[in-house]
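*Asks:* Can you keep this structure in mind? I'll have questions shortly.
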Amino acid sequence: MSEEVPHQSDNNDKHFYSVIYKGCLQGSPGIPGRDGLPGAAGSPGRDGQPGRDGRDGQPGPVCPGSPVCPSGYVKFQDRCFKFSTDKKTYADARSACQAAGGHLAMPKDQATNNFLVNQLTRYPSGSNVYFGLTDLAQEGTFVWEDGTPLTGWKNWSPGQPDDYRSVEDCAHWWGSYGYKWNDRSCSDSDYYVCEVSAAVP
Ligand SMILES: [Ca+2]
Ligand SMILES: [Ca+2]
Numbered sequence: 001m002s003e004e005v006p007h008q009s010d011n012n013d014k015h016f017y018s019v020i021y022k023g024c025l026q027g028s029p030g031i032p033g034r035d036g037l038p039g040a041a042g043s044p045g046r047d048g049q050p051g052r053d054g055r056d057g058q059p060g061p062v063c064p065g066s067p068v069c070p071s072g073y074v075k076f077q078d079r080c081f082k083f084s085t086d087k088k089t090y091a092d093a094r095s096a097c098q099a100a101g102g103h104l105a106m107p108k109d110q111a112t113n114n115f116l117v118n119q120l121t122r123y124p125s126g127s128n129v130y131f132g133l134t135d136l137a138q139e140g141t142f143v144w145e146d147g148t149p150l151t152g153w154k155n156w157s158p159g160q161p162d163d164y165r166s167v168e169d170c171a172h173w174w175g176s177y178g179y180k181w182n183d184r185s186c187s188d189s190d191y192y193v194c195e196v197s198a199a200v201p
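Note that the sequence shown covers residues 1 to 201 in UniProt numbering.
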């Protein structure tokens with residue numbers, strides 16, 4: 001049996017050796033730690049400068065223009081019509097249209113006739129308006145200004161043409177009868193409508 005007695009010298013020994021180690025011995029460097037985790041993304045940078053404009057493209061193919069009418073004419077399909085502001089006899093009206101490079105209007109079909117008749121409201125109510133159709137060459141045989149006979153669509157007023165008093169050879173839109181057609185004395189002065197073809201400029 002022994003009493004446990006504090007070893008006074010133990011602490012002194014430890015202190016002694018620790019002094020020796022501190023002063024003379026040094027351990028090897030530790031192993032570097034592992035890389036840290038990536039940091040958070042930074043703020044976006046500022047916008048760059050705009051790029052330069054690209055070069056112009058090649059010109060497209062040249063398309064043919066659509067036909068147009070001379071000044072003062074109204075267009076219907078590929079034809080141009082001019083409504084007179086004066087009154088002339090049929091012969092003088094015909095000459096005026098020819099001098100302008102055309103002829104008196106030829107409403108050979110219902111669509112053309114309707115288009116023109118709808119424009120006649122520009123004239124005083126009940127006006128008569130010449131177009132290009134006569135039986136001057138042979139009584140009873142109506143021929144268009146271009147020499148073709150009237151064989152197709154027609155729009156005579158009932159009872160017309162009647163060659164009234166044997167002097168009526170020139171056709172006109174009859175204002176007193178809804179602008180249906182009538183034959184009339186060619187020496188009467190009336191409004192008239194000229195026609196030219198639309199042309200590609
Ligand atoms: Ca006649
Ligand atoms: Ca008549």
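Cβ coordinates follow ideal geometry from the N, Cα and C atoms, glycine included.
For W173 and A198, what's the separation of their Cα atoms in angstroms?
*Replies:* Residue 173 sits at position 173 when you count from the first residue of the sequence shown. Residue 198 sits at position 198 when you count from the first residue of the sequence shown. Approximately 24 Å between the Cα atoms of the pair.
*Asks:* Our contact map puts K180 next to W144 with C-beta atoms below 8 Å; I'd like the distance itself, whole angstroms only.
*Replies:* In the sequence shown, residue 180 corresponds to position 180, counting from 1. In the sequence shown, residue 144 corresponds to position 144, counting from 1. Contact flag wrong, Cβ pair sits at about 18 Å.
*Asks:* If you compare alpha carbons, which of L136, Q119, S187, M106 is closest to S155?
*Replies:* Numbered from 1 along the sequence shown, position 155 holds the residue referred to as residue 155. Checking the displayed sequence, the identity of residue 155 turns out to be Asn instead of Ser. Among L136, Q119, S187, M106, the Cα nearest to that of N155 belongs to M106.
*Asks:* Does the structure place the segment 40-57 close enough to the segment 158-169 that three or more beta carbon pairs sit under 8 Å?
*Replies:* No, because fewer than three Cβ pairs between the segment 158-169 and the segment 40-57 fall closer than 8 Å, the two stretches do not touch.
*Asks:* To the nearest angstrom, report how far apart Q138 and E195 are at their CA atoms.
*Replies:* By one-based count along the sequence shown, residue 138 stands at place 138. By one-based count along the sequence shown, residue 195 stands at place 195. The straight-line gap from Cα to Cα measures roughly 24 Å.
*Asks:* For F83 and V193, which I take to be in contact (beta-carbon distance under 8 Å), what is that distance rounded to the nearest angstrom?
*Replies:* Translated into the one-based positions of the sequence shown, residue 83 becomes position 83. Translated into the one-based positions of the sequence shown, residue 193 becomes position 193. That belief holds up - the Cβ atoms of F83 and V193 are roughly 6 Å apart, short of 8 Å.
*Asks:* Roughly how many whole angstroms lie between the Cα atoms of Q98 and G57?
*Replies:* Along the sequence shown, one-based indexing puts residue 98 at 98. Along the sequence shown, one-based indexing puts residue 57 at 57. So the alpha carbons of these two residues sit roughly 47 Å apart.
*Asks:* Which value, in whole angstroms, describes the spacing of the CA atoms of T134 and Y191?
*Replies:* Position 134 of the sequence shown holds residue 134. Position 191 of the sequence shown holds residue 191. Their backbone Cα atoms lie some 16 Å apart in a straight line.
*Asks:* Listed in chain order, which residues are found with a beta carbon closer than 7 Å to a heavy atom of ligand 1?
*Replies:* Chain-ordered list of matching residues: D135, E139, G140, P161, D163, E168, D169, D183.
*Asks:* Quick one: give me the first and last residue of the alpha helix (DSSP H) that T112 is part of.
*Replies:* Counting from one through the sequence shown, the residue named residue 112 turns up at place 112. That run of the alpha helix (DSSP H) goes 110-119.
*Asks:* For G65, which of A96, D78, Q119, V117 has the nearest alpha-carbon?
*Replies:* The residue you call residue 65 lines up with position 65 of the sequence shown. The residue with the shortest Cα to Cα distance from G65 is D78.
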